[in-house]
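If you want the numbering used here, it's the 1-based position in the sequence shown plus 2.
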Amino acid sequence: MPLETGLLEILACPACHSSLEERDNELICTGQGCGLAYPVRDGIPVLLVDEARRPE
């Protein structure tokens, strides 16, 4: 389920404050060297660094 357009525009990566882009059921940080992937559960972004997946 896609996030509302306005919501994605105001969200930022909690680790580096870069913007996020939606892919599948995750929000991916666009920051150089960061790239954390935050899960979206039941349409709610979980923006906790401890819950994020590290880039591969």
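Virtual Cβ for every residue (Gly too), placed ideally from N, Cα, C.
If we ignore side chains and look at the alpha-carbon of each, how far apart do residue 4 and residue 24 end up?
Looking at the two C-alpha atoms, the distance is approximately 8 angstroms.
From the DSSP output, in three-state form, read off residue 11 for me.
Note: residue 11 maps to helix in three-state DSSP.
Name the residue from 43, 50, 37 whose alpha carbon lies nearest to the alpha carbon of residue 58.
The shortest C-alpha separation from residue 58 is found at 37.
Sort out for me which residues DSSP pairs residue 21 with in a bridge.
14.
Contact check, residue 41 vs residue 28 under 8 angstroms by CB: the rounded distance?
6 angstroms between Cβ atoms; contact.
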